[in-house]
Amino acid sequence: MDFSVETAMDLLDLKWVQSLSSELRDDVRVIQAQVLVQPAECPFCKAADPYRHDSREQEFADAPIRGVPVRIQFQRRRYRCRACRKTFFEPLPGFSTKRNMTQRLVYYIARDSLIRTFTDVAKDVSVDVQTVRDVFLDFSDWLRQHHPIATPRIMGIDEAKRAKVLCTVLTDLERREYFDLLPSRRTKPLNDYLSKLPGKDRVEVVAMDLHQGFVTAIARHMPQAVRVADRYHVARLAQEAFDKAHVHARKDLPTGERLSMFRKRGVLAKRDRRLTDAERNEVTKALAPFPILLAAHEAKESFLAIYDARNRQQAEAALLAWMEALPVELSGYFRALTSVVSNNRDIILNYFTHRYTNAFTEASNGISKLLQKTGRGYGFEVMRVKLLYGKRGQVVDLSDYDSDAGPSGDGFGFVFGKMLTVRATPSRKVGASGDGKRRGPRFDRVDRLIDEGYYDMGNKAIADEMDSLIRQFAVGY
Ligand SMILES: [Zn+2]
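In the working numbering, each number is its position in the sequence shown, counted from 1, plus 49.
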């Protein structure tokens, strides 16, 4: 489309709209303006010289001027085409075609929503929170369509809770970044997603928990990928088997002894080699009166020791030996583990040729918790965009996760299904980027998050990347 042009530089600093007057109304700057362009041709049939039909008063929200929200009001003219008789509003370059706002306000909202709460942003620009949220969600759709993240070579697939939604988390284990989040852990959405995933044929390895839906979905959609059972998920089953025996042994004890047994669960969940002498004594004493519990403890320890194998062959031999040696009276407690092992033996053993784990997912729980705390009620999609695009190019340092204890730190954090012994706080590692600083586990404010390097708009590379993406989005909006 062609415009006949007059330009003006004024308070609005918009090329095609000139301010006439301005006043402060209820802490909002309201600017009366006029439009300086008129259409040279009909947008439908391109016939020249449409004529003015009528006009109506319109109001647009604009980015704040010196901290004050802005509204622009003008008579917007409507034109009629001499040839096709259609009517149309005059074009408004720099204004959103979708909402009554300027594109620079769209930019402002999309950018600030990445690093601040919707409520704060809404207050700054004096629009309702829902509008801020909608603009942000449109931005997130646009990102998904126009700037998909490259499909990883080494993929992790896991379940986790994000924004209070149990979801499927796909990660890039090489780059230690999120790849995608699906708001469900069910099999059908995953299959739908994978069937359309571009670049899925370049995935070489998938580390996963042994949720059967995952196992079959990966085989079906990425037959070339080596499936690797996440060792921590497998280890967790061994721990849970022991926990069952422990609960059972406790059940008939008098109250006092039962409580004292209950209190020992932390030390009983530790790997034997990590016990201090005093703790080992404690374990021996606790187990002595219960031969079956002692046997269960041994079975758990010997199962976990399989992961010490140096190669696949050794591991396979150890696994078979373990299965054979498992006392029949323990088979009930260990059934979940043994059936997973029988059904997925190759996938479990693949770990010994492709040593990848999903520790990243566990480690990144901390990021999500921080965001949740600061955002108070971010929906799933907001969380998804923040997690996927908020910190591109930075890695989560997993170096001090203990390979015995698993990603939950010292001891299994999931004893008896509860988070009882998590001491390592993932948030300390996340974002530390190897600068050696220890960070406290609790952050209440967004600026602390930014201090953490998350949405690090101070990091020029990340800021520039996001900035250019948001600009592209706003101009097309
Ligand atoms: Zn026309």
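Beta carbons: idealized from backbone N, C-alpha and C, even for Gly.
CB-CB under 7 Å to L60, same chain, minus the five flanking residues each way: which ones, in chain order? Position 11 of the sequence shown, counted from the first residue, corresponds to residue 60. Counting only Cβ-Cβ distances below 7 Å, and skipping sequence neighbours, we find S68, S71, I80.
Residue interval of the alpha helix (DSSP H) (run including F188): The residue given as residue 188 occupies position 139 in the sequence shown. 178-195 is the span of the alpha helix (DSSP H), which, as asked, contains F188.
Tell me, to the nearest whole angstrom, how far the beta carbon of A278 is from that of L259; I am working on the premise that it is less than 8 Å. Taking the sequence shown and counting its residues from 1, the one referred to as residue 278 is at position 229. Taking the sequence shown and counting its residues from 1, the one referred to as residue 259 is at position 210. Contact holds; Cβ gap of about 5 Å.
Per DSSP, cross-strand counterpart(s) of R126: Position 77 of the sequence shown, counted from the first residue, corresponds to residue 126. In DSSP, R126 forms a bridge with S104.
Could you check if A266 belongs to the surroundings of ligand 1, using beta carbon to heavy atom distance under 6 Å? Locating residue 266 in the sequence shown gives position 217, where the first residue counts as 1. A266 Cβ: outside cutoff for every heavy atom of ligand 1.
Report back the beta-carbon spacing between Q288 and A318 to the nearest angstrom; my notes put them in contact at under 8 Å. Sequence index remark: in the sequence shown, residue 288 carries index 239 (1-based). Sequence index remark: in the sequence shown, residue 318 carries index 269 (1-based). Contact between Q288 and A318 holds: CB atoms are separated by about 6 Å, below the 8 Å threshold.
Per DSSP, what kind of secondary structure is R68 in: helix, strand or coil? Within the sequence shown, numbered from 1, the residue matching residue 68 stands at position 19. Inspection of the sequence shows that residue 68 is occupied by Ser rather than by Arg. Correct three-state label for S68: strand.
For F93, is the beta carbon positioned less than 6 Å from some heavy atom of ligand 1? Taking the sequence shown and counting its residues from 1, one reaches residue 93 at position 44. Inclusion of F93 in the 6 Å shell around ligand 1 follows from its C-beta lying nearer than that to a non-hydrogen atom of the ligand.
Beta-carbon contacts of M50 that lie in its chain and below 8 Å, excluding the five residues immediately before and after: On the sequence shown, position 1 is the one that residue 50 refers to. Summary for M50: the model assigns pLDDT 45, below 50, so the residue's position carries little reliability; its value from the coordinates is reported in the next sentence. Taken in chain order, the residues that qualify are P88, A89, E90, P92, P140.
Curious, which full-length alpha helix (DSSP H) runs of at least 4 residues does the segment 357-405 contain? 361-374, 384-392, 394-398
Helix, strand or coil at M310 according to DSSP, with G and I counted as helix: For the purposes of this step, residue 310 is identified with residue 261 of the sequence shown, where counting begins at 1. It is helical.
Look at the Cβ atom of L436, then the Cβ atom of Y242, and state whether they are nearer than 7 Å. As a working mapping, residue 436 is identified with position 387 in the sequence shown. As a working mapping, residue 242 is identified with position 193 in the sequence shown. The answer is no: Cβ separation not under 7 Å.
Within the present structure, is the beta-carbon of A132 separated from the nearest heavy atom of ligand 1 by less than 6 Å? Here residue 132 refers to the residue found at position 83 of the sequence shown. The answer is yes for A132.
Measuring alpha carbon to alpha carbon, tell me which residue in A256, V254, T236, G248 is nearest A266. Residue numbering aside, residue 266 sits at position 217 when the sequence shown is read from its first letter. For the residues A256, V254, T236, G248, the minimum Cα distance to A266 belongs to T236.
To the nearest angstrom, how far is it from the Cα of A327 to the Cα of F185? As a position in the sequence shown, residue 327 is number 278, starting the count at 1. As a position in the sequence shown, residue 185 is number 136, starting the count at 1. So the two alpha carbons sit approximately 55 Å from each other.
Could you check the C-alpha separation between L239 and V275 for me, to the nearest Å? Locating residue 239 in the sequence shown gives position 190, where the first residue counts as 1. Locating residue 275 in the sequence shown gives position 226, where the first residue counts as 1. Using only the alpha carbons, I get a separation of about 18 Å.
Beta-carbon proximity check, L343 vs L336, cutoff 7 Å: What you label residue 343 is simply residue 294 of the sequence shown in a count that begins at 1. What you label residue 336 is simply residue 287 of the sequence shown in a count that begins at 1. Taking 7 Å as the Cβ cut-off, L343 and L336 qualify as a contacting pair.
Within 10 angstroms of its Cβ, does S391 collect 16 or more other Cβ (buried), or is it exposed? What you label residue 391 is simply residue 342 of the sequence shown in a count that begins at 1. It counts as exposed.
Using the three-state DSSP reduction, which class does A199 fall into: helix, strand or coil? Locating residue 199 in the sequence shown gives position 150, where the first residue counts as 1. DSSP places A199 in coil when its eight states are reduced to three.
Taking 6 Å as the cut-off, does the CB of A96 come closer than this to any heavy atom belonging to ligand 1? By one-based count along the sequence shown, residue 96 stands at place 47. Relative to ligand 1, A96 has its C-beta within less than 6 Å of a heavy atom.
Distance, Cα to Cα, V264 vs Q107? As a working mapping, residue 264 is identified with position 215 in the sequence shown. As a working mapping, residue 107 is identified with position 58 in the sequence shown. Between V264 and Q107, the C-alpha separation is close to 56 Å.
Tell me the DSSP secondary structure of T166 in three-state form. As a working mapping, residue 166 is identified with position 117 in the sequence shown. Looking at T166 - three-state DSSP - the assignment turns out to be coil, as it is neither helix nor strand.
Please classify G205: does DSSP put it in a helix, a strand, or coil? Position 156 of the sequence shown, counting from 1, holds the residue named residue 205. Strand at G205.
What does the alpha-carbon distance come out to for the pair R129 and D98? Translated into positions along the sequence shown, residue 129 becomes position 80. Translated into positions along the sequence shown, residue 98 becomes position 49. Looking at the two C-alpha atoms, the distance is approximately 9 Å.
Mind checking S309: buried by the 16 CB within 10 Å criterion, or exposed? Mapped onto the sequence shown, residue 309 falls at position 260. That one is exposed.
What residues in its chain sit with their C-beta under 7 Å from that of T406, if we drop five residues either side in the sequence? Counting from one through the sequence shown, the residue named residue 406 turns up at place 357. Counting only Cβ-Cβ distances below 7 Å, and skipping sequence neighbours, we find A256, D279, R280, Y281.
Could you pull out every unbroken alpha helix (DSSP H) segment of at least 4 residues lying fully inside the segment 315-365, listed in chain order? Within the segment 315-365, the complete alpha helix (DSSP H) segments at least 4 residues long are 326-336, 340-354, listed from N- to C-terminus.
C-beta atoms of A412 and Y382 nearer than 7 Å: Here residue 412 corresponds to residue number 363 of the sequence shown, with the count starting at 1. Here residue 382 corresponds to residue number 333 of the sequence shown, with the count starting at 1. No. Outside cutoff.
Could you have a look at F138 and say whether DSSP puts it in helix, strand or coil? Walking along the sequence shown from the start, residue 138 turns up at place 89. Three-state result, F138: strand.
What does the alpha-carbon distance come out to for the pair L324 and E347? As a first step, residue 324 must be located in the sequence shown, where it is residue number 275. As a first step, residue 347 must be located in the sequence shown, where it is residue number 298. So the alpha carbons of these two residues sit roughly 14 Å apart.
For T217 and T402, the rounded distance between their alpha carbons: As a first step, residue 402 is located in the sequence shown; it is residue number 353 there, counting from the start. As a first step, residue 217 is located in the sequence shown; it is residue number 168 there, counting from the start. Spanning the two alpha carbons is a distance of roughly 25 Å.
Can you grab the Cα-Cα spacing for the pair D177 / A171, in whole Å? One-based indexing of the sequence shown puts residue 177 at position 128. One-based indexing of the sequence shown puts residue 171 at position 122. Cα-Cα distance, rounded: 6 Å.
Once the 5 residues before and after T182 are set aside, which same chain residues still bring their CB inside 6 Å of it? To locate residue 182, count along the sequence shown from 1; it is residue 133. Checking the sequence, you will find Arg at residue 182 rather than Thr. Taken in chain order, the residues that qualify are F167.
Have a look at G462 and R234 and give me their C-alpha separation to the nearest angstrom. For the purposes of this step, residue 462 is taken as residue 413 along the sequence shown, with counting starting at 1. For the purposes of this step, residue 234 is taken as residue 185 along the sequence shown, with counting starting at 1. With a pLDDT of 31 at G462, under the threshold of 50, the modelled position of this residue cannot be trusted, and the question is left open.
A268: which of F109, F138, D395, T410 sits nearest, CA to CA? By 1-based counting over the sequence shown, the position of residue 268 is 219. Closest option to A268, Cα to Cα, is D395.
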